[in-house]
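Below: the structure, in structure tokens.
2 protein chains.
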Amino acid sequence: MTDLLLKNIRPMGRETADILIRDGKIAEIGAGLDAPGVVVEDGQNALVIPGLVEAHTHLDKTTWGMPWYAGRKGGVLQDLIDNERNERVPLGLDVHRQSMRHAIALIGTGTTHIRTHVDIDTDHGLSLLEGVLKTREALAGMIDIQIVAFPQSGLMVRPGTLELLDAAMAAGADIVGGLDPSSMDRDPKGQLDAIFALAQKHDAPIDIHLHEPGELGAFTMELILERTQALGMQGRVGVSHAFHLAMVPPARIEALMERIAALDVSIYSTGHPSANVPSLKAMRAAGIRVGIGCDGIRDTWGPWGEPDMMHRARIVGMKNGFRRDEELELLLDTASGAGAASIGVAGHAVAVGSAADLTLLAGETLAHAVVLQEPRPLVIKGGAVVARAGHAVIEAP
Amino acid sequence: MTDLLLKNIRPMGRETADILIRDGKIAEIGAGLDAPGVVVEDGQNALVIPGLVEAHTHLDKTTWGMPWYAGRKGGVLQDLIDNERNERVPLGLDVHRQSMRHAIALIGTGTTHIRTHVDIDTDHGLSLLEGVLKTREALAGMIDIQIVAFPQSGLMVRPGTLELLDAAMAAGADIVGGLDPSSMDRDPKGQLDAIFALAQKHDAPIDIHLHEPGELGAFTMELILERTQALGMQGRVGVSHAFHLAMVPPARIEALMERIAALDVSIYSTGHPSANVPSLKAMRAAGIRVGIGCDGIRDTWGPWGEPDMMHRARIVGMKNGFRRDEELELLLDTASGAGAASIGVAGHAVAVGSAADLTLLAGETLAHAVVLQEPRPLVIKGGAVVARAGHAVIEAP
């Protein structure tokens with residue numbers, strides 16, 4: 001593991017100090033540190049925060065670095081899903097190459113942890129997973145990648161998918177995924193019983209895409225919470241999007257959030273600009289573990305997005321109507337330290353004893369850094385420099 | 398006026414051609430043009446569109462280029478208005494300097510026309526207007542600036558403001574502004590009668606901020622439409638924000654949009670991420686003239702925004718759930734040619750006879766250019782190069 005002396009940085013925006021890293025962990029934080037023989041990096045008075053955490057994305061989907069894809073469709077969710085499943089091969093979307101491009105761009109912009117969903121379906125089997133597994137291996141030590149085996153095309157409606165999810169978990173996926181058990185799969189009890197059983201079998205966490213609106217989404221959330229409690233899976237279940245938490249009446253939202261917090265279910269939000277999204281402040285105030293994510297980046301679904309958690313933080317912040325410095329600081333925490341906790345990575349902090357996964361930011365204060373469109377001066381993973389001036393130290397394919 | 402031969406560009410994404418500019422106007426578009434003695438610019442195969450149009454901003458408010466402002470407040474609209482009015486002087490917000498920074502940054506990002514609101518209130522009199530008038534004069538020929546005399550702190554609730562608006566129009570403002578005649582001013586009939594009379598007196602157009610929600614906003618909109626019709630002000634009235642057009646029932650929205658189109662009232666949208674915003678596609682389909690704007694940039698109200706209409710177009714596009722190429726092209730048109738029409742600038746096009754106000758964009762296609770975060774290669778105003786590689790040819794103060 002790596003030793004490094006990081007000089008002249010402002011930990012969490014506090015006064016200028018140095019950070020000594022020993023064996024990939026933060027050994028000391030203080031002024032005027034000295035460590036003979038240890039490599040020195042001058043932070044030039046940049047801010048330093050725990051590395052950014054991408055809590056919800058799809059490394060297997062992006063067209064980043066490919067020619068412009070002009071075939072995007074309108075329509076309902078099912079149309080977008082079908083379009084992608086049918087276009088992957090003709091488009092030449094090589095998942096290993098594309099997930100490398102995506103993940104390396106995230107390293108360049110200061111991300112140290114990714115949770116990615118990977119499509120598992122009866123057309124592609126485990127081939128997409130294999131591409132992302134190769135990427136995880138290739139980037140080991142530079143970025144941590146958690147993989148969700150994600151039944152994008154449906155579970156109950158596509159026989160054979162459950163067996164593939166089982167195989168995906170055996171092949172190296174970390175987390176059992178789910179998708180709109182009611183609206184998409186038409187059988188909420190069926191899907192949820194199946195994925196909770198699979199999670200129990202593999203002793204794995206769960207992460208469910210839940211776009212379902214209003215009371216339908218609230219009903220499905222209740223089914224998830226019931227199973228979390230009954231199976232003792234507190235702290236191991238996550239729900240992505242949860243638009244219903246911005247659509248049902250305020251008292252119902254409050255009661256749901258209270259129960260979500262009590263059962264320690266994480267919520268992942270992308271601040272989806274054209275959807276209703278749950279209030280970040282309300283979730284944090286309720287004690288819910290929350291992470292944020294970019295979701296798909298320039299994929300067959302949509303043209304938007306940048307592989308940059310600061311870009312996404314701004315979208316989430318604008319969506320939440322944040323204005324004040326304390327709100328921007330809450331946002332930055334959700335994109336880094338608190339975001340890590342939401343995906344089960346504890347102790348992600350600029351603190352002695354923590355892993356030296358650190359991102360330097362330009363800016364006068366943490367709040368200023370949130371809105372400033374500047375490259376990250378330096379990114380450190382396990383004590384090693386993995387990016388400088390907005391670019392990862394390795395080239396993307 | 399200026400002559401220029403712009404070689405190797407793709408007009409509106411079509412095949413590569415040249416554009417010959419004579420006396421500030423587009424004289425010829427074609428392949429292999431030659432014009433002895435005329436200065437040549439090589440467009441290096443960039444796309445070219447009519448210059449971007451900022452249809453709703455506040456040049457008198459930005460802290461751009463100043464130290465980070467940490468004093469932003471929460472609360473209701475009135476709190477934000479009061480905070481700004483009280484903080485302008487202690488903050489040292491020099492309106493001429495700040496509006497120069499803001500407008501020059503807009504030139505650098507490819508904007509050729511701005512409509513700006515400028516606060517007129519009984520605390521500051523016309524002093525903020527004077528700062529923006531100086532900027533307009535200093536940048537004459539580089540960017541066109543329309544000025545709305547804007548009663549930000551209220552009209553009926555602050556006696557003396559109407560007289561100041563009158564004086565502002567005499568001093569050089571072009572457009573009579575208004576603000577939430579019901580919710581803010583508590584007297585919709587009073588405010589609207591006053592500003593329509595003032596517009597008649599100065600033979601000037603009107604532009605009204607209308608944030609009012611739901612049926613209240615629809616009611617105020619009806620009052621505006623009634624006066625537009627009664628006074629024969631078709632084509633000279635604009636309404637900014639119009640959130641109610643995304644809040645009342647669909648049939649009511651449709652009927653309102655039909656009447657707005659029939660009376661040729663323009664709508665300006667900022668794609669406000671945390672508000673309900675009217676559908677850009679529905680407005681355009683109804684035949685309404687629509688422009689988009691960045692609104693305030695990093696001002697005392699909020700930390701967000703960039704002085705860049707392509708950045709704003711992406712926000713508006715994401716908010717509208719646009720995915721397909723034709724939607725991105727509609728968006729780009731609303732930010733340029735159609736946006737110009739919405740502020741009364743006709744014939745803003747890449748066409749023979751049009752003013753040579755042109756913005757070059759990187760990208761494979763127009764749709765690609767919308768999502769690509771790249772500097773504008775070249776910006777031309779009246780045939781003169783005013784920006785290169787993302788930077789205006791003059792320095793900001």
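One line per chain: the protein sequences are A and B, in this order. Take the first sequence: its letter number 241 is residue 241 in the numbering used here, and every next letter is one higher. Take the second sequence: its letter number 214 is residue 611 in the numbering used here, and every next letter is one higher. Here a beta-carbon is modelled for each residue, glycine too, at the ideal position from N, C-alpha and C. For clarity, every value in this text was computed on a predicted model and none was experimentally measured.
Within chain A, the C-beta atoms nearer than 9 Å to that of TRP701(B) come from ARG314, GLY317, MET318, PHE322, ARG323 and VAL371, in chain order.
Setting aside the 5 residues that flank it on each side, ARG494(B) is surrounded in the same chain by PRO794, each with a C-beta closer than 7 Å to its C-beta; the list follows chain order. At least 8 Å separates the CB of ALA197(A) from every CB of chain B. Residue state for ASN320(A) is assigned as coil, using DSSP reduced to three classes. Per DSSP, the continuous beta strand (DSSP E) segment holding ARG22(A) begins and ends at 17-22. Around the beta carbon of ASN320(A), a 10 Å sphere encloses 16 or more other beta carbons of the protein chains shown; the residue is thus reported as buried. Using a Cβ-Cβ cut-off of 7 Å, HIS765(B) is close to TRP68 of chain A, given in chain order.
In this model, ILE605(B) and LYS458(B) are separated by some 18 Å (Cα to Cα).
Per the DSSP secondary-structure output, ILE592(B) pairs with nothing in a beta bridge. Think of a sphere of 7 Å around the beta carbon of LEU328(A): the chain B residues whose beta carbon falls inside it are PRO700, in chain order. THR532(B) sits in a helix when the DSSP states are folded into three classes. Judged by beta-carbon spacing, LEU775(B) lies beyond the 8 Å limit of GLY421(B), meaning their Cβ atoms are not closer than that value. Of GLU623(B), ALA500(B) and MET680(B), the smallest CA-CA separation from ALA535(B) is found for ALA500(B). A direct Cα-Cα distance of roughly 39 Å separates PHE640(B) from VAL48(A). Boundaries around THR625(B) are those of the alpha helix (DSSP H), 611-627, since no beta strand (DSSP E) includes it. One finds TRP68 and ALA70 in chain A with Cβ atoms closer than 9 Å to the Cβ of THR762(B), taken in chain order. Of all alpha-carbon atoms in MET644(B), LYS586(B), VAL573(B) and ARG633(B), the one lying nearest the alpha-carbon of HIS608(B) is that of MET644(B). A straight-line Cα-Cα distance of about 58 Å links GLY779(B) and LEU20(A). For ASP439(B), the enclosing beta strand (DSSP E) stretches over residues 437-447. Within 10 angstroms of the beta-carbon of GLN631(B) lie fewer than 16 other beta-carbons, which makes it exposed. Proximity to ARG633(B) across GLY410(B), ILE603(B) and ALA786(B) peaks at ILE603(B), based on C-alpha coordinates. One thing to note: VAL687(B) has its Cβ within 8 Å of the Cβ of ILE664(B). Taking a C-beta distance under 8 Å as the contact criterion, PRO704(B) and LEU503(B) qualify as a contact pair. Scanning its chain for C-beta atoms nearer than 7 Å, with the 5 sequence neighbours on each side dropped, one finds around GLY337(A) the residues PRO50, HIS348 and ALA349, in chain order.
For SER739(B), the enclosing alpha helix (DSSP H) covers residues 734-739.
Selection ARG498(B), LEU403(B) and ARG485(B) evaluated against HIS788(B) yields ARG498(B) as nearest (Cα-Cα). For VAL782(B), there is no enclosing alpha helix (DSSP H); the residue is part of the beta strand (DSSP E) that begins and ends at 781-785.
Beta-bridge partners of ARG407(B) (DSSP): LEU444(B).
Between LEU256(A) and ALA652(B), the alpha-carbon positions lie close to 38 Å from each other.
DSSP, read as helix, strand or coil, puts THR365(A) in coil.
ASP563(B) sits in a helix when the DSSP states are folded into three classes.
Contact of SER671(B) with chain A by beta-carbon distance below 9 Å involves MET318, LYS319, ASN320, GLY321 and PHE322. Its chain contains GLN495, ARG498, HIS499, ALA502, ILE694, ARG695 and PRO704 as the residues whose beta carbon lies nearer than 8 Å to that of TRP461(B), once the 5 sequence neighbours on both sides are disregarded; these appear in chain order. As a beta-bridge residue in DSSP terms, TYR268(A) pairs with SER240(A) and GLY291(A). With fewer than 16 other Cβ atoms from the protein chains shown falling within 10 Å of its own Cβ, ASP600(B) counts as exposed. Burial is judged here by how many other beta carbons sit within 10 angstroms of a residue's own beta carbon; VAL239(A) has at least 16 and is buried.
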